[in-house]
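Its first residue numbered 1, the sequence shown is counted upward by one per residue in the numbering used here.
Taking it in order: structure first as structure tokens, then the write-up.
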Amino acid sequence: MQIIPLPAFRDNYIWLLRAGSHAVVVDPGDAAPVLRYLADEGLSLAAILITHHHPDHVGGVMALLEHAAVPVYGPALETIPDLTHPVGEGDEVSVPALGLRLRVLDIPGHTAGHVGYYAAPALFCGDTLFAAGCGRLFEGTPAQMFASLQKLAALPGETQVYCTHEYTLSNLAFAAAVEPGNPAIAERIARCEAIRAGQQPTVPFPLAGELLTNPFLRAHEPAVVRQAEARAAGALASPVEVFAVLREWKNSF
Ligand SMILES: [Zn+2]
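Written as structure tokens, this is what we have:
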């Protein structure tokens, strides 16, 4: 199985999984790059996976269905036109044409019904966990997003994270502001700057590195707590409160 990034819009990645002559796409916000790739490679589409309802994740579904009537999996708790298979926590998505089975994880916070898809070692987590960052809280609470990130952080360290935006360098700039003394962040900035200078994606990335560099997964670290408390000008009683301060801070960074 190969997993290919199809760049879309300014900084989205549509992930295309391929095996043999079949393909699956995750979050096709735009049909054009998908249809072009399928035609160029002689692949037929077998299924569409959706993580949440935002237009840059679902905008291409209708045009893809005109091309091929395939199952569309997506969060049962969100209103998504053309969804054929509503899914939620614990469900399994099976795509026999690719020999692919994915486990569905409920990871609300960015949106109320956001789901992820996990087929070890690959995790497709939409706009929940980014490299050195996390999605904005458009519909969920800090406690929900924090719990979702903790759920993802508990997956094996070798998990490869396929998020849907190239936000890595700006996220790392924020991570460095939160933890100026963290050498793993400085090292990751240097590595990712080199990757971007070569026009390559910084995604996917291993989960293990996130635990060392992503401030939103480090709300328990004393250095991160101190910075959040300084920002809030007061004591913070829990990692969720630290997380909430970090998320607000990032919004205005
Ligand atoms: Zn989104």
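Glycine residues also receive a C-beta, built at the ideal position from the N, C-alpha and C atoms.
Same chain only: Cβ atoms within 7 Å of G60, ignoring 5 sequence neighbours per side: Residue mapping note: residue 60 aligns to position 60 of the sequence shown, counting from 1. Result list for G60: P28, G29, D30, A31 and V34, in chain order.
Status (buried if at least 16 other CB within 10 Å, exposed otherwise) for F205: The residue labelled residue 205 in the question sits at position 205 within the sequence shown. So F205 counts as buried.
Check whether P201 and P71 have beta carbons under 8 Å apart: Your numbering for residue 201 matches position 201 in the sequence shown. Your numbering for residue 71 matches position 71 in the sequence shown. Against a cut-off of 8 Å, the Cβ pair of P71 and P201 comes out as no contact.
Given 7 Å as the limit, tell me if D106 has its C-beta closer than that to any heavy atom belonging to ligand 1. Working through the sequence shown from its first residue, we reach residue 106 at position 106. No heavy atom of ligand 1 is found nearer than 7 Å to the CB of D106.
Member of R218, E166, R226 and G198 whose CA lies at the smallest distance from the CA of A8: In the sequence shown, the residue the question calls residue 8 occupies position 8. The shortest Cα separation from A8 among R218, E166, R226 and G198 belongs to E166.
According to DSSP, residues forming a beta bridge with I48: As a working mapping, residue 48 is identified with position 48 in the sequence shown. DSSP, once it has assigned bridges, lists V25 and V72 as partnering I48.
Which word fits P96, buried or exposed, when buried means at least 16 other C-beta atoms lie within 10 angstroms of its C-beta? As a working note, residue 96 is residue 96 in the sequence shown. By the 10 Å Cβ count, P96 comes out exposed.
Within 8 Å, strictly: CB atoms of S44 and A68: Within the sequence shown, the letter at position 44 stands for residue 44. Within the sequence shown, the letter at position 68 stands for residue 68. A contact, by the Cβ cut-off of 8 Å.
Give a single yes or no on whether D270 has its beta carbon closer than 7 Å to a heavy atom of ligand 1. The first residue shown for the chain is 1 and the last is 253, placing residue 270 beyond what the model contains.
Mind listing, in chain order, the continuous alpha helix (DSSP H) runs of no fewer than 4 residues lying wholly within the segment 114-187? Listed in chain order, they are 142-153 and 168-178.
Could you spell out where the alpha helix (DSSP H) holding Q227 opens and where it closes? By 1-based counting over the sequence shown, the position of residue 227 is 227. Counting along the chain, the alpha helix (DSSP H) containing Q227 begins and ends at P222 to A232.
Expressed to the nearest angstrom, what Euclidean distance is found between the alpha-carbon atoms of I195 and S170? What you label residue 195 is simply residue 195 of the sequence shown in a count that begins at 1. What you label residue 170 is simply residue 170 of the sequence shown in a count that begins at 1. One C-alpha to the other measures close to 14 Å.
Count the other CB atoms, across all protein chains shown, that sit within 10 Å of the CB of A175; report buried if there are 16 or more and exposed otherwise. What you label residue 175 is simply residue 175 of the sequence shown in a count that begins at 1. Buried, because 16 or more other Cβ atoms sit within 10 Å of the Cβ of A175.
Just grab the DSSP bridge partners of D30 for me. In the sequence shown, the residue the question calls residue 30 occupies position 30. Residue pairing from DSSP leaves D30 without any beta-bridge partner.
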